[in-house]
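Chains as they are written, first to last, in our numbering: chain A, 1 to 322; chain B, 1001 to 1571.
For every residue, glycine included, the Cβ atom is placed at its ideal position computed from N, Cα and C.
Just below is one structure, and these are the notes that go with it.
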Amino acid sequence: MRAGAVFLPILLCFGLFAACKNDAGGDSARLRADAAAFENLRRIKSSMDATGTLPNEDFEILRTINARYPQANETKQTYRQALMLRGNWTEIERDLSAIPFEQLTADERLALAQSFGKLGKYREMAAVLEPLAEAEPGSVATSGMLAFAYFHLDQPEKAAEHLDSVWEGIVSGKKVDEIILRGLIYLRQKNIPRAIEILKQAVELNPQSSAAHNALSRAYSQAGNEELSKMHIAKAREQYEISAASTFAATRRVDQIYQLEAAWKNKNYPEVIALANEMLRDADGPQKSVLYQYIFESQKALGNEAEANKALEAARSLQQQK
Amino acid sequence: MRLFRHLLLTFMLSFLISCTPDQPRPPSADAGQRFNFVDATKEAGIDFAHIPTRTQTKWLPEIMGSGVAVTDLNRDGAPDILLVNSGALGADARPSGAGNKLYINNGDGTFADKTEEWKLTSYGYGQGVAVGDVDNDGWTDVFLTTFEGDNRLLRNTGTGFEDITRTAGLVSDEKWATSAGFFDYDSDGDLDLYVARYVDFTTSNPHKVYRNRMLIYSTPLYYTAVPDQLWQNDGTGKFRSVGEAVGISKVAGNGLALAIGDIDSDGDQDVYVANDSDANILWINDAGKFRDAAPTAGVAYSEMGQEEGSMGADMSDTDANGRPDIAVSNFQEEPVSLYRQTDPLLFRELSDAVGIGQTSRQRLSFGLDFFDANNDGFEDLLVANGHIEDNIETNTGLGIFAQQNTLFLNLGDGKFADVSDAAGSALKDIQVSRGLATGDLNGDGALDFLVTNNGGTAQLAFNRTDPRGNFVMLWLEGKTSNRNAIGARVTARIGDRLLQREVMGAQSYLSVSDFRLHFGLGSAEKIDELTIHWPGGAPQIITDLAAGKFYYIRQGENPVPFVPGSTTIAP
């Protein structure tokens, strides 16, 4: 668990915000008049939304559009979304800091605070969030972020204060990361029974959280219950291994996709077939259909009609199932 | 075809790599102290260049760099320098110019290349170095680790090395060894050997990892971790593997670095292992058996419970509460973790609160070392930085491959300030840094440092900080304890202040710093009382040690002042 993970949903939604900003330069109208740029922007945004990735070449196109139409809201939103996707918190901070603070929307302030957090500037993060929390006392997102900032600044009491002020919202919203944080604060305050109570809640809500198991193991150990401590150490380890395996599988798939594309481009059909067959093992329905199409085209190119037809049949059958 | 491509792209949904850029920092804090670390590499006669393998397929070992030892090999009181080179992966022999190098200190801050004369050999793809007097003959021996696991123990005869690996029983299982360190885990007066090990990478099974469609160096997650090793010395210089018997073989965790010291102040040495992208380990030594206390102590993960890409480690009492703290260098976007020991074996990660987090998040850190850079009695922190993605700048714009090393000044109130930009020319030499070791290399009472750079020249930096405080330097030598006094804990009372230092068998990354203990005294003219806790021996108390001097202390005997490099102290 990291602050980044906690606030990612906020950030991914950020592209939807700030739509009502001034467009003093008329950039928006000019962008719409530039059909190629507008189409590229639309394509890149929908690709980011769908895949959560952004190839370098698309980022460069986006950067050019942003330089040409910097005041267009569509550009700003998409460009910031791209920066977040690429983890470019420095540029987000620079971008938002260039706007007079009072002109920033609440969501932009949250994003600025988030960028401060990612850059380890927790004092600045807290300074941005405090007025927001005052203006909107019940906001779980704002108070949660503030709590993380103060915890990193080793001010557990202040962190606790902010979490407690929205505790009902945290629990009803099943905000596991904030619950773990509250447990860690109790641990730091040496209130071990309360730490155990809270962290047990986190584990119940998300048994897959290695961070929750880890924190609970620390609490049990400090309570002298080595047996339960060991049990949760083992569970934290187990969940960590599951997560590592999943990361590995995802990255391996990307590797295979690039190899498949390269082989296809080079007309290395036997390799395409071998790779596609390998990838079929872990693919889901729609992915399988695409892979069978690769096999079909490759077998056809190699003159293996029978094998090609078999692959085509498999692709069709999958499409029908869909 | 459009749908086709779209479906392919959906494969990548979960492939999201984030990275924090290398970005401009706020002005360095000026705590009234200017440092002056001068790049003295050339003038000192160091001409070492690290030669790594470079392939299009980006094999993981290529990017790991190599280590350095700062240690006195000829007993003249002036530390010498041994630099490990890497060479050619998969080749039978190192290419010309890619050998390890030994520089003997002339005693005046210059060095002579004595590689040939001392018969320093080079095997395999070199990684790390550890030093320790394994046969207690008074001459510090050398252990070299390699990617192939073809590690070597070189006995120091006083004028050269002889390879005693086989006779010492250090058989290879051909696994990737990284950092190593000598310590007397069973308190029998001789030095045992801990070897950290990484993953089961071989050049025949490299995984390919991409970022933005560009091939990058892999993470260790795609390989199986290799368990570390512990070799017990039988007192005659012969070793046997005891990892299973003492409990360290049951956990494997992508080991890269070691910090060996008495973390629980119970008189024996414990081992902290920095694991890359896995939980770190804190082996607590309970009468020669080890248990991992890292998860419950709060030093296995980040404070928020996240495993980190840990590369280097060190221990020191940074807030003078009498308990050693732990620092761990990590991947970019993760801070250098400072775990402060607030209660016995309970730590809080306070990197951001103490002023280390912000800068260190912008760097990918490897070697790190606590050392008192201005002789004020507070341990500062030096960190060697450099990314592992050689295309990071063109690929993402989120950072740079070669990065500035970082000097954090200990402000004395438990906090640190990044003073790198006001620390002299050496901190302006920007390379892809990996190994790091410290020691007073020119005999002026100020601690200097040496950094290794992946695919670059090693850098020697002399500490010419002025003004700086007084000092006392101690060369401890055991009689019933091991000769290097590894594990000795020394407390110096200076007026109302208590400073604690320990002779550590390993710290940093692939490297080891000088064993001599350095005490910065500030303006004090003497150490009022010195208590030496010899490993396995009775404490020794010495009073009124005058500042500005180097002392040789044989266990149980009176201190003898010496001038580094001027005379050889017979073993």
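Residue i versus residue j: straight-line alpha-carbon distance, rounded
i         : j         : result
B:LEU1338 : A:ALA159  : 20 Å
B:ALA1259 : B:ILE1248 : 15 Å
A:PHE296  : A:LEU83   : 39 Å
B:ALA1098 : B:ASP1080 : 20 Å
B:ASP1113 : B:ASN1106 : 10 Å
A:LEU199  : A:ASN206  : 10 Å
A:ALA253  : A:MET279  : Before going on, a small fix: residue 253 of chain A reads as Arg here, not Ala. Their backbone Cα atoms lie some 8 Å apart in a straight line.
A:ARG281  : A:GLN293  : 15 Å
B:LEU1083 : B:THR1178 : 14 Å
B:ASP1150 : B:ALA1168 : 14 Å
B:TRP1176 : B:VAL1251 : 16 Å
B:GLN1540 : B:VAL1560 : 15 Å
A:LEU129  : A:LEU112  : 9 Å
A:LEU119  : B:GLU1334 : 9 Å
B:ASN1391 : B:ILE1216 : 7 Å
B:ALA1274 : B:GLY1126 : 19 Å
A:LEU41   : A:ASP284  : 30 Å
A:ARG123  : A:ALA149  : 7 Å
Option in the options with minimal Cα separation from residue i
i         : options                                    : result
B:SER1204 : B:TYR1223, B:ALA1196, B:TYR1194, B:TYR1210 : B:TYR1223
B:PHE1401 : B:GLY1412, B:ILE1430, B:LEU1407            : B:ILE1430
B:VAL953  : B:THR1041, B:ASN1558, B:LEU1427            : Given a span of 1001 to 1571 for chain B in the structure shown, any question on residue 953 of chain B remains unanswerable.
B:GLY1367 : B:GLU1525, B:ASN1442, B:GLY1128            : B:GLY1128
A:ALA211  : A:GLU178, A:GLN189, A:ALA37, A:ARG94       : A:GLU178
B:ASN1405 : B:GLY1443, B:GLN1459, B:THR1394            : B:GLN1459
B:MET1064 : B:ASN1374, B:GLY1456, B:PHE1471            : B:GLY1456
B:PHE968  : B:ASN1156, B:ASP1413, B:GLY1397, B:ASP1421 : As displayed, chain B neither begins before 1001 nor continues past 1571, which places residue 968 of chain B out of reach and without an answer.
A:ALA234  : B:ALA1257, B:PRO1295, B:VAL1195, B:ARG1211 : B:PRO1295
B:GLY1045 : B:ASP1421, B:MET1214, B:LEU1441, B:GLU1244 : B:LEU1441
B:GLN1503 : B:SER1122, B:LEU1082, B:GLY1132            : Contrary to the premise, residue 1503 of chain B reads as Val rather than Gln in this sequence. It is B:GLY1132 whose Cα lies nearest to the Cα of B:VAL1503.
B:TYR1210 : A:GLU271, A:ALA283, A:GLN256, A:ALA263     : A:GLN256
B:GLY1357 : B:ASP1369, B:SER1329, B:ASN1375, B:ASP1137 : B:SER1329
B:ASP1372 : B:PHE1416, B:LEU1345, B:VAL1354            : B:PHE1416
B:GLN1500 : B:THR1145, B:GLU1062, B:GLU1349, B:ALA1320 : B:ALA1320
B:THR1261 : B:GLY1556, B:MET1214, B:PRO1324, B:ASN1558 : One point to set straight first is that residue 1261 of chain B is Gly, not Thr, in the sequence displayed. That would be B:PRO1324, whose Cα lies nearest to the Cα of B:GLY1261.
A:PRO131  : A:LEU228, A:LYS230, A:LEU104               : A:LEU104
B:GLY1138 : B:LEU1073, B:ARG1166, B:ASP1108            : B:LEU1073
Beta-carbon proximity check, residue i vs residue j, cutoff 8 Å
i         : j         : result
B:ASP1200 : B:VAL1226 : yes
B:ASP1352 : A:LEU153  : yes
B:SER979  : B:TRP1231 : For chain B, the structure presents residues 1001 to 1571; residue 979 of chain B sits outside this window and is missing.
B:SER1508 : B:GLY1439 : no
B:GLN1332 : B:GLN1362 : yes
A:ILE185  : A:ALA223  : no
B:ALA1547 : B:LYS1526 : yes
B:PHE1562 : B:ILE1553 : no
B:VAL1195 : B:ASP1141 : no
B:ALA1446 : B:ARG1468 : yes
B:GLY1309 : B:ASP1276 : yes
A:ALA276  : A:LEU291  : yes
B:ALA1130 : B:ALA1180 : yes
A:LEU96   : A:TYR69   : no
B:LEU1193 : B:PHE1143 : yes
B:VAL1472 : B:ILE1532 : no
Beta bridge counterpart(s) of residue i as assigned by DSSP
i         : result
B:ILE1569 : DSSP lists no partner for B:ILE1569.
B:GLN975  : The requested residue 975 of chain B does not occur in the structure, where chain B is confined to residues 1001 to 1571.
B:THR1491 : B:GLN1500, B:THR1531
B:ARG1155 : B:GLU1162
B:TRP1283 : B:VAL1271, B:ASP1292
B:GLY1261 : B:ASP1270
Report task. Could you say if the region 1530–1540 of chain B and the region 1181–1193 of chain B meet the contact criterion of at least three C-beta pairs nearer than 8 Å? Result -> yes
Requested in this report: Report yes or no: do the region 1314–1326 of chain B and the region 1236–1250 of chain B share at least 3 C-beta pairs separated by less than 8 Å?
Outcome: no
Requested in this report: Please confirm if the region 1300–1314 of chain B is in contact with the region 1270–1285 of chain B, defined as three or more CB-CB distances below 8 Å between the two stretches.
Outcome: yes
Report task. Could you say if the region 1474–1489 of chain B and the region 1042–1058 of chain B meet the contact criterion of at least three C-beta pairs nearer than 8 Å? Result -> no
Query - Stretch-stretch touch, CB-based, cutoff 8 Å, three pairs: the region 1443–1451 of chain B with the region 1373–1389 of chain B - result: yes
Query raised in the report: Counting Cβ pairs closer than 8 Å, one from the region 1082–1093 of chain B and one from the region 1471–1481 of chain B, do we hit at least three?
Result: no
Query raised in the report: Would the region 1458–1477 of chain B and the region 1146–1165 of chain B be scored as touching if the rule is three or more Cβ pairs under 8 Å?
Result: no
Report task. Compile a chain-ordered list of the residues in the region 194–220 of chain A whose CB is closer than 9 Å to at least one CB of chain C. Result -> In the structure shown, chain C cannot be found, because the protein chains are A and B.
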